[in-house]
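First residue of the sequence shown: 69, per this note's numbering; consecutive thereafter. All C-beta atoms, glycine included, are put in the ideal place defined by N, C-alpha and C. Predicted model only: the values in this text are computed from it and were never measured. Below: the structure, in structure tokens.
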Amino acid sequence: MTLTISPDLVAGEQPASLPETRRRLSHVISVSGIVVTAALFAIGGWERRWIADDGLTVLRTVRNLLAGNGPVFNVGERVEVDTSTAWTYLIWFFSWLTRARLEYVALGIGLTLSAVAVVFGMLGAAGLWDRGSAQLLLPAGALVYIAVPPARDYVTSGLESSLVICWLAVLWWWLIRWSRAESMSSAGYFGLCFFAGLAPLIRPEMTLVGVPALLMIWCSPATGSRLRPWTFRMSMVAAAGLVPVAYQIWRMGYYGLPYPNTAVAKDAGGAKWRQGLAYLWNLIEPYGLWVPLAVLGAAALVAMRSQGGSARATLQSIRDPELALRERIHRFRRWLRTPAAVVALMLGSGLLLTGYEIRVGGDFMHGRTLLPPLFCLLLPVMMLPLGSPASDSRRTEAAFPLILVAFAGIVGWALFAAGTTAIQTGNRITPSGIADERLYYVQTTGHAHPIRAEDYLDYPRIRAMVRDLARTPDGGLLINTPSFTDWYVVPPPQPIPDRGAGHTVFYVNLGMISMNMPLDVRVVDPIGLAYPLAAHTVRFPNARIGHDKNLDSDWAVVDAGVVGRYPGMPWFLDEGWVNRIGTAMSCPETLDLLASTRAPLTFDRFLRNIQGSLGYADYRIDRVPENEIERCHLTPK
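Following this line, the structure appears as structure tokens:
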């Protein structure tokens, strides 16, 4: 037997299998980074688990769906209270499937979708940077996102934040795969278009991402389909628009509005630039968020330079003045189906979303509505290529220490940001009207993790409301008093029906009230999220964002049909004012608006709602009855 020694080993060289070994090791480490980061996000969300009051509001609609009352908040009044249609029906489906408690269903879906969002976001970035080389991918941008405390706060809040970022991540991953593939089947195209077309159902402003994505797919060359070009493109349009267009028609006929009632209540088309800038700074300043964003931007440029690429050359060739216009268009269309174009789409969409949120004034919840734009901007750098110090390329060799230092800085920043509390006065609202919503309810309910509806019975006034409702079996209108221990109950007029006249509760916190009430108790709010009468009033220009409409309880007295005279009426209400409101509410346009949600849904009513939906959306009521009487040319009684 003869022992043979490889000459490569004698010369001190590595065996030929080492590059493959290095590739596998880099792959294992990169995959481990994805798994660990997703797990950290899920753990962080679980440690800060809670269900927001607005999250409980969503669950009231789900309760009505499960009870067979339709997608409504109050039985007999067709109002779309939930901004995300997809989120409502997702919770409804899994609640119906599992028969589990609604709060736990929402919590479980939020945790799952948040982890999936991080995984797909990182996989998309891996597909962007990894070209089959043996380089290591680091979870850079992903660490930035999960370190921001609001990102973990809204993992389990019962709101649609987790669904939104999951949709963005999957769309990003799918577009990167599409841009890398030499061809795609018709089914693949239609699936991608269908998914992008869901944008307005995920959340209305996601249209700013979905429409540009669909335009990019439409304008780029289609390969792999056996259909004729125009037949294929019209099929793409059908795939993208089938569900959202069908739902939009149904929404206008059923609810009498072209968008959710929440958009009317918050005047989503209005502009509050100064408030929006304050909201942006409220997220950026406490965590020094500009630092990791700048570091990631610089690291991405270094990585791009080290990897080379033809994106710049392609764009320069498109601008070549010697090229014919047709050739320029052809090259531009080919560029649209490149990873560079997908990156431009996501960065541009992120900036558009940020601009939109600034314009409308942001939100009253710290950071919440800026999370999707932040996630969108971070998608291309969710992972960054470290490269190799032993690379043959001088650019790659020079980039290695720079990206390594950048990643170390990001890790250090993440450790700082993750433990930062931006708004220290948790149970108080800042002068700009922004609150740390989770910390606020933790402190005001006394529960470290307020998840179940009954946890909110310890919020001021709520337990007293349940008690006073039980004490008044005849029914009536409940109005909060300055005291935390009592409510005014305005009785219904005589005679009282055998089973009582029913209760109406008039208060701002819809979720915690409605989820602790039977479905036959009507719950309405002065800011109009579930109350069309309040939603269609004019908002106060300098009031707290999201709470800048405030309908007086006198209107609720008239609308609920309870006693409008002393001694049954609370002392702080005026009989003359109530009488004039009764006259104001007889305005034909107002009656028609209310009929769009309260009248029986006949076929004629459905068609009338479709035809009048745009007018209903723009209709506004003056909360001062004298002005309303004058506007409608009514005769005071």
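- prompt: Shortest alpha-carbon distance to Ala336 belongs to which of Val473, Ile478, Leu415, Val606?
  reply: Out of Val473, Ile478, Leu415, Val606, Val606 has the C-alpha closest to the C-alpha of Ala336.
- prompt: Less than 9 Å separating the beta-carbons of Ala237 and Phe162?
  reply: Taking 9 Å as the Cβ cut-off, Ala237 and Phe162 do not qualify as a contacting pair.
query: From Tyr322 to Tyr508, what distance separates their C-alpha atoms?
result: In a straight line, the C-alpha of Tyr322 is about 36 Å away from that of Tyr508.
- prompt: Which residue spans inside the segment 448 to 536 form an unbroken beta strand (DSSP E) run of at least 3?
  reply: You should have 452 to 455.
- prompt: In the DSSP assignment, what residue or residues form a beta bridge with Ile425?
  reply: Note that residue 425 is Glu in the sequence shown here, rather than Ile. Per DSSP, none; premise fails for Glu425.
message: So, under 8 Å CB-CB, Ala249 and Ala482 are touching, yes? Tell me the CB distance rounded to an integer number of Å.
response: Between Ala249 and Ala482 the beta-carbon gap is near 34 Å, outside 8 Å, which marks them as no contact.
- request: Note down the Cα distance separating Leu470 from Gly195, rounded to an integer number of angstroms.
  value: Approximately 22 Å between the Cα atoms of the pair.
- request: Hey, could you find the ends of the alpha helix (DSSP H) Gly309 is sitting in?
  value: Membership of Gly309 in the alpha helix (DSSP H) is indicated by the continuous run 297 to 323.
- prompt: Are His434 and Leu369 closer than 9 Å when you measure CB to CB?
  reply: Cβ atoms of His434 and Leu369: not closer than 9 Å.
message: How far does the beta strand (DSSP E) with Arg590 in it extend, from its first residue to its last?
response: Membership of Arg590 in the beta strand (DSSP E) is indicated by the continuous run 590 to 592.
- prompt: Quick one: Cα of Val305 to Cα of Glu148, how far?
  reply: The alpha-carbon atoms of Val305 and Glu148 are separated by roughly 27 Å.
- prompt: Taking DSSP as the reference, what is the three-state secondary structure of Ala555?
  reply: Sequence check: residue 555 is Trp here, not Ala. Here Trp555 sits in strand by DSSP.
message: Rounded to the nearest angstrom, what separates Asp627 and Val646 at their Cα positions?
response: Using only the alpha carbons, I get a separation of about 10 Å.
field: Cβ distance (whole Å) where Pro63 is taken to contact Gly568 below 8 Å
entry: Not covered by the structure: residue 63. The range shown for the chain is 69 to 705.
query: Nearest-angstrom Cα distance between Leu702 and Asp622?
result: Roughly 19 Å separates the two Cα atoms.
query: Are the CB atoms of Gly480 and Ile613 nearer to each other than 9 Å?
result: Not closer than 9 Å, so no.
message: Less than 9 Å between the C-beta atoms of Val591 and Asn142, yes or no?
response: Contact: yes.
field: Nearest neighbour of Leu439, chosen from Leu662, Leu364, Pro217 [CA to CA]
entry: Looking at the Cα atoms, Pro217 is the closest of the given residues.
- prompt: Roughly how many whole angstroms lie between the Cα atoms of Ala174 and Arg396?
  reply: When rounded, the distance between both Cα atoms is 50 Å.
task: Could you tell me the distance, in whole angstroms, from the CA atom of Ala486 to the CA atom of Glu228?
output: Going by the C-alpha atoms only, they are around 22 Å apart.
- prompt: Should Ile244 and Val410 be called a contact, given that it needs their Cβ atoms to be closer than 9 Å?
  reply: Val410 sits close to Ile244, with the two beta carbons spaced by under 9 Å.
- prompt: Taking Phe400 as the reference, which of Thr549, Gly416, Pro289, Phe468 has the closest Cα?
  reply: Ranked by how close their Cα comes to the Cα of Phe400, the residues Thr549, Gly416, Pro289, Phe468 have Pro289 in first place.
- prompt: Roughly how many angstroms lie between the CA atoms of Pro528 and Pro499, to the nearest whole one?
  reply: Taking the straight line from one Cα to the other gives about 22 Å.
field: CA-to-CA distance, Ile119 to Ala106, given in whole angstroms
entry: So the two alpha carbons sit approximately 21 Å from each other.
Buried versus exposed call for Ile73 [16 or more other C-beta atoms within 10 Å across all chains shown]: Note that Ile73 has pLDDT 35, beneath the 50 cutoff, so the model's placement of it is unreliable and the number below is only indicative. Ile73 is exposed by the Cβ-count criterion.
- prompt: Taking the alpha-carbon positions, what's the Ala516 to Trp155 distance?
  reply: For Ala516 and Trp155, the distance between alpha carbons rounds to 25 Å.
Reduced DSSP secondary structure (H/G/I, E/B, other) of Arg699: Of the three classes helix, strand and coil, the one that applies to Arg699 here is helix, per DSSP.
Of the listed residues Arg167, Ser230, Ser152, Leu165, nearest to Ile177 (C-alpha basis): The option with the nearest alpha carbon to Ile177 is Ser230.
- prompt: In terms of residue numbering, what span does the beta strand (DSSP E) encompassing Phe574 cover?
  reply: Annotation for Phe574: the continuous beta strand (DSSP E) segment containing it runs 571 to 574.
message: What does the Cβ neighbour count give for Met302, buried or exposed, with the cut at 16 atoms within 10 Å?
response: With fewer than 16 other Cβ atoms within 10 Å, it is exposed.
message: Rounded to the nearest angstrom, what separates Leu170 and Ser254 at their Cα positions?
response: In this structure, the alpha-carbon of Leu170 lies about 39 Å from that of Ser254.
- request: State the CB to CB distance for the pair Leu415 and Pro448, rounded to an integer number of angstroms; the pair is presumed to be in contact (CB under 8 Å).
  value: Taking the Cβ atoms as the reference, Leu415 lies roughly 7 Å from Pro448, within the contact range of under 8 Å.
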